[in-house]
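Below is one structure; the comments refer to it alone.
Residue numbers (the numbering used here): 36 to 140.
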């Protein structure tokens with residue numbers, strides 16, 4: 036999942052599912068939900084909307100991991116959800132932070 040704002044400061048939430056179809060080892064990726072996010076980016080609002088979306092998609096019991104950045108609001112939201120999801124740090128985000136720090140940006 037990811038939250039971001041465009042140049043007009045409109046916020047969006049995307050949920051992407053990564054999975055292996057039955058009897059296949061070909062990893063598939065699908066955008067499961069893409070919507071505006073007009074609430075404050077608090078952990079309570081994030082966990083509420085993420086739980087709602089996963090239940091609407093009927094995958095709340097199938098989801099086991101969430102890849103996210105290290106924002107305190109995201110970390111707290113996922114850790115406090117009733118769905119018992121585990122967090123996985125986004126490697127691309129961590130690499131970006133490392134490179135920008137090394138280059139002095």
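The C-beta atom is built at its ideal place from N, Cα and C for all residues, glycine as well.
How many Å lie between residue i and residue j at the Cα?
{"i": "residue 76", "j": "residue 56", "result": "33 Å"}
{"i": "residue 78", "j": "residue 116", "result": "10 Å"}
{"i": "residue 109", "j": "residue 99", "result": "16 Å"}
{"i": "residue 41", "j": "residue 106", "result": "18 Å"}
{"i": "residue 121", "j": "residue 101", "result": "6 Å"}
{"i": "residue 132", "j": "residue 118", "result": "29 Å"}
{"i": "residue 82", "j": "residue 52", "result": "17 Å"}
Any idea what DSSP makes of residue i, helix, strand or coil?
{"i": "residue 79", "result": "helix"}
{"i": "residue 47", "result": "strand"}
Relative to the C-alpha of residue i, which residue among the options is closest?
{"i": "residue 104", "options": "124, 117, 94", "result": "124"}
contact_flag[the segment 57-66, the segment 83-91] where n(CB pairs < 8 Å) is 3 or more:
The segment 57-66 makes no contact with the segment 83-91, as fewer than three CB pairs between them are under 8 Å.
Within the segment 51-138, ranges of the beta strand (DSSP E) (whole runs, at least 3 residues):
Counting whole runs of 3 or more residues, the segment 51-138 contains the beta strand (DSSP E) stretches 63-71, 100-103, 121-124.
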